[in-house]
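K.L.:
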Amino acid sequence: MKRSLAHRLIQALVVLTGVVLITFVMLRIVPGNPIETMMGEHADGATIQRMTAEMGLDQPLINQFFRYISSVVRGDFGTSYSLGRPVSELMGNAFANTLTLALLAALFAWIVGLGCGIFSAVNKNRLSDRLLMGTSLLGISLPVFMAAMFLQYVFAYRLHWLPVSGTDSWKGFILPAIALGWNNAGQVAQMTRTTLLETLQEDYIDTARAKGQGTMGVLVFHALRNAMLPVMTMMTIQLSGLLSGAVITETVFSINGVGRLMVQAISGRDIPLLQATSLLATGMVILGSLLADCLYAVLDPRIRRGD
């Protein structure tokens, strides 16, 4: 297991380095001058040339890349072109909101998804099962922005229970968390039902029943432990996806998070900020994959033994 984990860490570093390199090169070969975008159309050529030299954008690409890598290793991601503030400071403030939103969305998705999936498996082919699976399919199919606007209309505009946007209080995170987690809840429910029904057909389940264990005992002590392996893997990866992919939700609800920061960086051709947000998004996905592997090994002894 230690060798496998070390191998995965090496793979993660290689992938992360590759993403940094590709992002760095692509942002610099795309037509357009970021200094012109930053200073506006009325800036004169001499000023643009001077700013380009000061920021090192006139140097060879290989020199710019190694200078950037050395700065990142020291924790320096540069200064935002459009906002004029250190990128690390901007990312720190935005990541706190994104992390809160992602954790609340994951909590909603896991509680609702697991509950609905287990209930549907126990009540297979009944009306309640079909209603829940139909609702979960709707959650998977419904775009995030539509769910967000529906929640805003019902609970903010009509009922006035929750704020429309912003995060001035903890209530501001409720609607965004539901909108962001709804799709994942449907996925968890579908997979939980499928894997649990497959597990309940195994021979050891019949043996447990033959020994006199009731339905709940078989479900809790035998079926759920094995059925949850692929579900837990997906849930872990979902969390990393929520951390790196809350762009639409943060934009609709006016949340100052990493996703909204990334949109701002793209529209303003803010290279340092865009590089940092891309690096963070990639790192979250890789970290989620590593956590999923570790969790899978903890839950399945066969993996720890190398079977």
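Per this note's numbering, the very first residue in the sequence shown carries number 709; after that it's consecutive. All residues carry an ideal CB built from backbone N, CA and C; glycine is no exception. Predicted, not measured: the structure shown is a model, and the values here were computed from it.
(1) Hey, how far is the Cα of G894 from the Cα of A761?
(2) Just verifying my parser: in three-state terms, what is the DSSP assignment at P1076?
(3) Taking the beta carbon of L835 as the centre, do at least 16 other beta carbons fall within 10 Å, making it buried, or is it exposed?
(4) Mark R977 as exposed unless 16 or more other C-beta atoms lie within 10 angstroms of its C-beta, in which case mark it buried.
(5) For F929, count the other beta carbons within 10 Å of its own beta carbon; 16 or more makes it buried, fewer makes it exposed. Which is it?
(6) Any idea which residues DSSP pairs T787 with across the strands?
(7) How about L951 and L807: do their beta carbons lie closer than 8 Å?
(8) Whether or not the region 919-936 and the region 858-872 are in contact is what I'm after, with contact meaning three or more pairs of Cβ atoms, one per stretch, closer than 8 Å; do they touch?
(9) Closest to M854 by C-alpha separation, out of A1000, Q972, L713 and I956, would be which residue?
(10) Which residues in the same chain as C1002 place their Cβ atom closer than 8 Å to its Cβ, once the five residues preceding and following it in sequence are excluded?
(11) Where do the N-terminal and C-terminal ends of the alpha helix (DSSP H) with N833 fall, by residue?
(12) Can L867 and F961 be called in contact, C-beta distance under 8 Å?
(13) Leaving out the 5 sequence neighbours to the left and right, which residues in its chain are closer than 7 Å to P794 when beta-carbon positions are compared?
(14) Helix or strand or just coil, what does DSSP make of L765?
(15) Looking at W818: is its Cβ nearer than 8 Å to the Cβ of M943?
(16) Report the start-end ranges of each alpha helix (DSSP H) in the region 847-909 that is 4 residues or longer and not cut off at the edges.
(17) Under three-state DSSP, which class holds F773?
(18) Does the pairing of the region 728-737 with the region 764-773 give three or more beta-carbon distances under 8 Å?
(19) Between which two residues does the alpha helix (DSSP H) containing S975 stretch?
(20) Considering only C-alpha positions, which residue in the set L927, G800 and A887 is nearest to P851?
P.N.:
By the coordinates alone:
(1) Cα-Cα distance, rounded: 52 Å.
(2) Here the chain covers residues 709 to 1015 and nothing more, so residue 1076 does not appear.
(3) Burial call: exposed.
(4) Burial check for R977: the Cβ neighbour count within 10 Å reaches 16 or more, so the residue is buried.
(5) Residue environment analysis places F929 among the exposed positions, since fewer than 16 neighbouring C-beta atoms fall within 10 angstroms of its C-beta.
(6) P794, per the DSSP bridge assignment.
(7) Result yes, Cβ atoms of L951 and L807 sit closer than 8 Å.
(8) These segments do not touch.
(9) Across the set A1000, Q972, L713 and I956, the C-alpha of I956 shows the shortest separation from the C-alpha of M854.
(10) Annotation for C1002: L713 place their beta carbon closer than 8 Å to its own, counting only its chain and skipping 5 residues before and after.
(11) Membership of N833 in any alpha helix (DSSP H) is not indicated, and neither H nor E is assigned to it by DSSP.
(12) Cβ atoms of L867 and F961: not closer than 8 Å.
(13) Taken in chain order, the residues that qualify are T787.
(14) In the displayed model, L765 falls within coil according to three-state DSSP, outside both helix and strand.
(15) Yes, the pair counts as a contact, with Cβ atoms nearer than the cut-off.
(16) The region 847-909 contains these whole alpha helix (DSSP H) runs: 852-859 and 882-907.
(17) It is helical.
(18) Counting C-beta pairs closer than 8 Å gives three or more between the region 728-737 and the region 764-773, which meets the contact rule.
(19) V966 to S975 is the extent of the alpha helix (DSSP H) around S975.
(20) Residue A887 is the option with its Cα nearest to P851.
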